[in-house]
Each structure stands twice: as C-alpha cells, then as structure tokens.
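Chemist:
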Amino acid sequence: MRAETQNIVDEIRQAISLLRRHFDWDQAIKRLDYLNMRAEDGNLWNDPQEAQKLMRERQSLDDSIKAIKGLSQALDDNIGLIEMGEEEGDADIISEAETAIRSLAGEIRARQIESLLSGEADQNDTYLEVHAGAGGTESQDWANMLLRMYTRWAERRRFKVEVLEVHDGEEAGIKSATLLIKGHNAYGWLKTESGVHRLVRISPYDSNARRHTSFSSIWVYPVVDDSIEIDVSESDVRIDTYRSSGAGGQHVNTTDSAVRITHIATGIAVACQAERSQHKNKAKAWEMLRSRLYEEELKKREAIANATESAKTDIGWGHQIRSYVLQPYQLVKDLRTGVESTSPSDVLDGDLDDFMEASLSQRIEGGAGQAVADLD
C-alpha cells in the first residue's frame, strides 16, 4: 500500500476509535438492546410523550452504531481490495479502492462533527449573553461587536435570533445583552463559546490613535424542555423591575416593564425586556432562570470543569479563551485549541465554525489540551 494511502487509513482508524470511545461503545450496544426491548412493549404508548422520546433516542443511537460499523467494514473491504490488486498487479482495482478510502475520510469527518453534537441538551435552542468588561466605552463597543458576530453566525446557519434584553453603553456599544437563538443544535454549537474574549486594536475613541486591549464575556446556556423539572420557587429568588433601555416606543421607555430575577442561593441573575408587558417579561425571565440552573446541573453531570466557568471570573486578562488582534497585525487565536484565523474581518462577520469544531473535538478527545500562548 502506498504511504499516502496508509496515512489516510491510519487517520480513519484513529477517528473510528475516537468515535467508539465517545459513544462508550459497549454501553451504547447495551442501551440499544434495552431500547429495542422497550419499543416492543405494548404499554409503551400509554405515555405518548415518553414513547416519542424513547423512539427518538433509539433511532439516533441505531443510526450512529450502524454508521460506525459501516465505516469500519468499508475500510476493511477496501484494504482487502488493495491487497488483492497488489497481488494480481491490477492497478485499476487499487485505484478504485484508494478513491473509496479517500471518500471514507470525508464521510468520517462528517460523522465526527455530528458526534460532537450528541450531548444531553445539544439539540436545544440556546440563550447567549454578552457582558462588557471593565474599560468603559472600549469594552462596551467590543461587546456590541461580539453581539453582532454571534448574530451573523446564527444567520449564516439560518437560525432565528430574538433580542431579549439590551443595556446600552453611555457613549457607544452595550453593557450587556441577551439573545435567544433558535435552531437545531444551537446550544451544541455554541456551548464552548462561553468565556472571556479579548480584542486588541487602535481605538476609534482615542484621539491619539493608541492601541487598546478590551475584554467582554460570553455566557451560553440551553433552553430547557418543558419535561425537565427544575425545582425553584419564588421564595428562592429576588425579582426586580425597572425601565427598559435601548430602542423602543414611549411605553417601553417610561414604564417598569423590564424584569430581573436573581437566584439567591447561586447568585445567578437573568433579565428580560423584550416585551411591552411586564408579565410576559417575567415569564420569559423564569424560563431563562430555569435554563441557567439546568445548565449548572449539566456541567456537574458532564464533569466539564472549564467549559463555562470563565463567566464567573473577572472579565479581564488571564481568563480569555480567544484573542482577536486587529493591530498591528491581523490574527484571531483560540487559546484552548490553538486554532487561528488570519482574517479577523471574516471571524467578526460570523465565520466561527472552525473554532467551534476544534473546541468540541477537544472535549471528545479528553482534557483541556496543552496551554496555548496568547497573542501580544
């Protein structure tokens, strides 16, 4: 076998091994057997909601297992064809098998990306919060740039974006904002974006045209399904009302329609001012709080210590997950994976998939990876 083909074969085998590890292969087989047994139970559909949930899990697990088995079998078959072609001196058989193996590499790449989005809440819609760090106008303008970046990313995927809450900066930009992003796997794609984001540029607000460093943070948490019970009552929270800020009609800006709910035990706070009605804003804020508390539980169960902790730390130096440098050179660098882009304008216009795929892959492969040096 040619060295180039052997390298591709080795990469495919390694990818299949990672997929099996990710699915916890032996447990996945046992789980599928159990789900198949449940599917044959005549009483299953007495609870239609539970039955639909079980059947969706069964179909998803069955598809994944069959796909991995099929990839492994196809690889073995084409290796066998190459060996046969080499023995018989048939260059056509060898060429066809090598082409098939290269095609398999593309298929397994697609399967890997799909497997990255198989977490408990990955298919859910998601909330995304932006918070400006210390630094006044500079950080507030950077927060607004991040808000636009994630909005453009969502639009590229044809996700629906709703602005739930915005606090404008005094001179420019925003102090904070909350988006609701609706689409298949919205949370799965965005969940590793939580953290502090650092910008280096020549400030448009500095008359001396000096270089400034700004920080803002992103917090991502899933919209929870109605079937998920989150035990929280009004006695566990503090509810505040206030006047909405930002664009809006006379009613929006002159009544206390905005609502903030703070969970006393954890300090988690959410706010909504998207609706004219205080009642509707309060209902949405309760949904957001349940989602945040659920996300806390997900972190514990998945034992991912560094996934979203940075929003609890200072929004400043030493906590950033990604740096965006616009001056004196052009580069965006993820400090968890080392992935880089030499086109910050494209990244800030929503071209984020490479960064997301790399950080999701790092979770599957295990650990936080090696330390990556930040940009100057």
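Taking the numbering used here, the leading residue of the sequence shown gets 29, the next gets one more, and so forth.
Backbone N, C-alpha and C define an ideal beta-carbon position, used for all residues, glycine too.
1) Output needed for alanine 299: all residues of its chain with C-beta closer than 6 Å, excluding positions within five of it in sequence on either side, in chain order.
2) If you measure between the beta carbons of isoleucine 296 and leucine 326, is that distance less than 8 Å?
3) Using a Cβ distance threshold of 8 Å, determine whether the region 154–173 contacts the region 59–74, with at least three qualifying pairs required.
4) For aspartate 150 and valine 251, which I take to be in contact (beta-carbon distance under 8 Å), what is that distance rounded to the nearest angstrom?
5) Would you please state the rounded distance, in angstroms, between the beta carbons of histidine 291 and aspartate 264? I believe it to be under 8 Å.
6) How far does the beta strand (DSSP E) with histidine 50 in it reach, from first residue to last?
7) Just the Cα atoms here: how many angstroms apart are valine 191 and threonine 179?
8) Note down the Cα distance separating methionine 29 from lysine 94, rounded to an integer number of angstroms.
9) Excluding the five sequence neighbours on either side, which residues of its own chain have a C-beta within less than 6 Å of the C-beta of histidine 240, listed in chain order?
10) Anyone know if the C-beta pair for leucine 99 and isoleucine 44 falls short of 8 Å?
11) Select from His159, Trp314, Ser261 the residue whose C-alpha is nearest the C-alpha of tryptophan 247.
12) Kindly indicate which residue of Gly366, Arg86, Ala119, Glu126 has the alpha-carbon position closest to the one of aspartate 105.
13) Taking threonine 294 as the reference, which of Glu183, Arg350, Ala302, Arg320 has the closest Cα?
14) Among residues of its own chain, excluding the 5 on either side of glycine 211, which ones have a beta-carbon nearer than 8 Å to its beta-carbon?
15) Measuring only the C-alpha atoms, how far is arginine 304 from lysine 312?
16) Can you say whether methionine 65 is buried or exposed, counting buried as having 16 or more other CB atoms within 10 angstroms of its CB?
17) Would you report the Cα separation of isoleucine 110 and arginine 41, rounded to the nearest angstrom?
18) Report the rounded CA-to-CA distance for proline 356 versus leucine 156, giving the unit in angstroms.
19) Could you say which of Ala302, Lys361, Glu116, Asp402 lies nearest to threonine 206 if we only look at CA atoms?
20) Around the C-beta of isoleucine 57, are 16 or more other C-beta atoms found within 10 angstroms, so that it is buried, or is it exposed?
21) For the region 67–152, list the alpha helix (DSSP H) runs that are entirely contained and at least 4 residues long, ordered along the chain.
22) Here's the rule I'm using: 16 or more other beta-carbon atoms within 10 Å means buried, otherwise exposed. How should alanine 401 be labelled?
23) Taking 8 Å as the cut-off, decide whether the C-beta atoms of isoleucine 129 and isoleucine 202 are in contact.
24) If you draw a straight line from the C-alpha of leucine 14 to the C-alpha of leucine 376, how long is it?
25) Please state whether DSSP places alanine 386 in a helix, a strand or coil.
26) What are the uninterrupted segments assigned as beta strand (DSSP E) that are 3 or more residues long and contained completely in the region 239–273, given in chain order?
27) Tell me the rounded alpha-carbon separation between arginine 84 and leucine 60.
28) From glutamate 39 to valine 228, what distance separates their C-alpha atoms?
29) Along the chain, where does the beta strand (DSSP E) containing tyrosine 357 start, and where does it finish?
30) So what does DSSP say about leucine 208, is it helix, strand or coil?
31) Mapping DSSP to helix, strand and coil, what is glutamate 221?
32) Taking all protein chains shown into account, decide if arginine 55 is buried (16 or more other Cβ within 10 angstroms of its Cβ) or exposed.
Modeler: Per the coordinate set shown:
1) For alanine 299, the CB contacts under 6 Å within the same chain, skipping 5 residues up- and downstream, are Glu193, Arg288 in chain order.
2) Contact flag unset, no.
3) They do not touch, by the three-pair rule.
4) Wrong, their Cβ atoms sit about 12 Å apart, outside the cutoff.
5) Your pair histidine 291 and aspartate 264 checks out as a contact, with CB atoms roughly 6 Å apart and the cut at 8 Å.
6) Note, histidine 50: premise wrong, no beta strand (DSSP E); alpha helix (DSSP H) at 31–51.
7) For valine 191 and threonine 179, the distance between alpha carbons rounds to 10 Å.
8) Cα to Cα, methionine 29 sits roughly 28 Å from lysine 94.
9) Same-chain partners within the cutoff: Glu166, Ser231.
10) With a cutoff of 8 Å on beta-carbon distance, leucine 99 and isoleucine 44 are scored as near each other.
11) In terms of CA proximity to tryptophan 247, His159 leads the group His159, Trp314, Ser261.
12) Considering only alpha carbons, the answer is Glu126.
13) Cα-wise, what sits closest to threonine 294 is Arg320.
14) Only Asp153, Ala182, Arg185, Arg186, Phe187, Lys188 meet the Cβ criterion.
15) Spanning the two alpha carbons is a distance of roughly 12 Å.
16) In the assembly as shown, methionine 65 is an exposed residue. Its beta-carbon has fewer than 16 other beta-carbons within 10 Å.
17) Taking the CA atoms as reference points, isoleucine 110 sits about 16 Å from arginine 41.
18) Proline 356 and leucine 156 have their C-alpha atoms roughly 30 Å apart.
19) Comparing Cα positions, the closest option is Ala302.
20) So isoleucine 57 counts as exposed.
21) You should have 76–116, 119–143.
22) Per the 10 Å Cβ criterion, exposed.
23) Going by C-beta atoms, isoleucine 129 is not nearer than 8 Å to isoleucine 202.
24) It is not possible to answer for residue 14, since the shown part of the chain is limited to 29 through 404.
25) Collapsing the DSSP output to three states places alanine 386 in a helix.
26) You should have 239–250, 265–270.
27) Each residue's alpha carbon lies about 12 Å from the other.
28) Looking at the two C-alpha atoms, the distance is approximately 37 Å.
29) Counting along the chain, tyrosine 357 falls outside any beta strand (DSSP E), and DSSP gives it neither H nor E.
30) Strand, per DSSP.
31) Glutamate 221: helix per DSSP, three-state reduction.
32) Just to set this straight, residue 55 is glutamine in the shown sequence, not arginine. Within a 10 Å sphere around the beta-carbon of glutamine 55 sit fewer than 16 other beta-carbons, which makes this residue exposed.
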